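Numbering (my numbering), first residue to last: -2 to 346.
Glycine included, C-beta positions come from ideal geometry on N, C-alpha and C.
Treat the numbers as computed from the prediction; the structure is a model and nothing was measured.
Note sheet for the following structure.
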Ligand SMILES: Nc1ncnc2c1ncn2[C@@H]1O[C@H](COP(=O)(O)OP(=O)(O)OP(=O)(O)O)[C@@H](O)[C@H]1O
Ligand SMILES: [Mg+2]
């Protein structure tokens, strides 16, 4: 691996571990990692301050995960997912959730064809590789449960039949934290389907300057955000998935993950924090944390996970899958803070 590439890999990921050993496998795997790094760097140029979101989207696509993005309007959520889909040459669609949305608006439905007198299934927006579901909490429960089946089983049921979805299939949903009126909060079962919960914050003055420069420059180019540049395709993603599954995860790292997740249920040294938790993390939390740690290691050019992978990812994976009790909510504590406290009290053995 060249120095330039090694630098771009560690610059790209804000929490990149210094102790990371370099991947020592064959060249083709190095090339594949380099192609992902190039795409990540190209995206970062278009999206000021969104390195974390870009990193989580990449981890999710190579582990089959889904991402929930929480943030105020206008923080380039749509821009990010749009750019990501273009870089992946993926079929992409955006759905704006509204209270009158029907499950068939997502899945598709049988439509009567006058010319042959038959009903044909017309595929809905879920038949894409990347589905951006904006303001998911505005969708009524029946729509949310249609999405739940698609996310969990990678298939949908419509008009009495089951249809397999394409691979890769990834849902990126957005939620606006300030608007709660007329929303249907996602039930725990729905939240549990997501791998990552990423919070997008308002930019400071420096980032605001960068945003302005990016957009003004783009306007001089006629408004094309993603010009020529590195691209990935489905083959890259399948190869990355296979490589990620082979990343070594030691018993010590597995044990650390298990102790973090079971602490949300009151076990072990971090378990005292569970007093604030009404609904603990399920085994999906454990599985997602392990898979995401493998993917982070792979993107960093390593063939093994380290505890740092878990430490970097646990807040974005576990915070959204615990529900705090009323006492904790009244004290203004967030799920993220509880996960940080659990991490502080859970040693890497
Ligand atoms: N960090 C950023 N980097 C680059 N452009 C940005 C950034 N933040 C905002 N913008 C610009 O702000 C505008 C709004 O972006 P976009 O529509 O993607 O936001 P959004 O988060 O999807 O908003 P909404 O919640 O209203 O759908 C775009 O012109 C985008 O280029
Ligand atoms: Mg948007």
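Please name the residue, chosen from the options, that lies closest to residue i on a Cα-to-Cα basis.
i           : options               : result
residue 323 : 312, 336 and 272      : 272
residue 30  : 300, 288 and 73       : 300
residue 275 : 136, 26 and 326       : 326
residue 216 : 43, 289, 35 and 25    : 43
residue 130 : 220, 54 and 75        : 75
residue 69  : 302, 174 and 49       : 174
residue 247 : 261, 280, 296 and 303 : 303
residue 309 : 207, 165, 169 and 253 : 253
residue 285 : 87, 296 and 318       : 318
residue 93  : 207, 150, 48 and 132  : 132
residue 72  : 88, 137, 89 and 171   : 171
residue 88  : 27, 229, 67 and 96    : 229
residue 154 : 169, 124, 249 and 167 : 124
residue 90  : 117, 307, 169 and 197 : 169
residue 167 : 295, 307, 294 and 62  : 62
residue 255 : 314, 280 and 191      : 280
residue 141 : 80, 184 and 231       : 184
Measure the alpha-carbon distance for residue i versus residue j and round it to whole angstroms.
i           : j           : result
residue 46  : residue 200 : 8 Å
residue 57  : residue 346 : 27 Å
residue 109 : residue 115 : 6 Å
residue 179 : residue 320 : 21 Å
residue 20  : residue 33  : In this prediction, residue 20 scores a pLDDT of 34, lower than 50, which makes its location untrustworthy; the coordinate-derived value is nonetheless stated afterwards. Roughly 14 Å between the two C-alpha positions.
residue 36  : residue 99  : 36 Å
residue 245 : residue 106 : 44 Å
residue 237 : residue 59  : 6 Å
residue 126 : residue 203 : 34 Å
residue 289 : residue 213 : 36 Å
residue 54  : residue 64  : 7 Å
residue 251 : residue 52  : 22 Å
residue 139 : residue 128 : 18 Å
residue 26  : residue 240 : 8 Å
residue 97  : residue 135 : 9 Å
residue 95  : residue 182 : 13 Å
residue 41  : residue 208 : 11 Å
residue 211 : residue 84  : 18 Å
residue 351 : residue 264 : No answer is possible for residue 351: it lies beyond the span of the chain, which begins at -2 and ends at 346.
residue 150 : residue 206 : 43 Å
residue 78  : residue 66  : 10 Å
residue 295 : residue 307 : 13 Å
residue 137 : residue 86  : 31 Å
residue 28  : residue 196 : 31 Å
residue 314 : residue 287 : 10 Å
residue 331 : residue 235 : 36 Å
residue 249 : residue 262 : 20 Å
residue 117 : residue 231 : 28 Å
residue 113 : residue 50  : 48 Å
If you drop the 5 nearest sequence neighbours on each side, which residues of the same chain put their C-beta closer than 6 Å to that of residue i?
i           : result
residue 258 : 278, 282 and 283
residue 333 : 312 and 316
residue 270 : 335, 338 and 339
residue 227 : 35, 36 and 39
residue 267 : 260, 339, 342 and 343
What's the call for residue i, buried or exposed, on a 16-neighbour Cβ count within 10 Å?
i           : result
residue 193 : buried
residue 328 : exposed
residue 157 : exposed
residue 243 : exposed
residue 186 : exposed
residue 111 : exposed
residue 218 : exposed
residue 189 : buried
residue 18  : With a pLDDT of only 33 at residue 18, under the threshold of 50, the placement of this residue in the model should not be trusted; the figure read from the coordinates follows. Classification of residue 18: exposed, given that the 10 Å Cβ count is below 16.
residue 220 : exposed
residue 165 : buried
residue 297 : buried
residue 292 : buried
residue 225 : exposed
residue 143 : buried
residue 198 : exposed
residue 82  : buried
Give every residue of the same chain whose Cβ lies closer than 8 Å to the Cβ of residue i, excluding the five residues on either side of it in the sequence, and list them in chain order.
i           : result
residue 152 : 146, 159, 160, 161 and 162
Go through its chain and collect everything with a Cβ distance to residue i's Cβ below 7 Å, but skip five positions before and after it.
i           : result
residue 102 : 121
residue 119 : 105, 106 and 108
residue 148 : 63, 168 and 190
Any beta carbon of chain B sitting closer than 8 Å to that of residue i?
i           : result
residue 111 : Chain labels in this structure do not include chain B; a single protein chain is all it has.
Ligand 3 heavy atoms versus the CB of residue i: any closer than 7 Å?
i           : result
residue 219 : Ligand 3 is not part of the structure shown, which contains ligand 1 and ligand 2 as its ligands.
- Message: Please give the ranges of any beta strand (DSSP E) in the region 273 to 332, keeping only runs that are unbroken, at least 3 residues long and fully inside the region.
- Response: 274 to 276
| In chain order, which alpha helix (DSSP H) runs of at least 4 residues are fully inside the region 189 to 253? | Considered as a whole, the region 189 to 253 harbours 202 to 217 and 231 to 242 as its complete alpha helix (DSSP H) runs of no fewer than 4 residues, in chain order.
query = Considering only residues of the region 17 to 80, which uninterrupted beta strand (DSSP E) runs meet the minimum length of 3 residues and lie entirely inside it, listed in chain order?
reply = For the region 17 to 80, whole beta strand (DSSP E) runs of length 3 or above, ordered along the chain, are 64 to 68.
Checklist entry - What residue ranges within the region 104 to 151 form continuous beta strand (DSSP E) runs of no fewer than 3 residues, ordered along the chain? => result 105 to 110, 115 to 120 and 127 to 131
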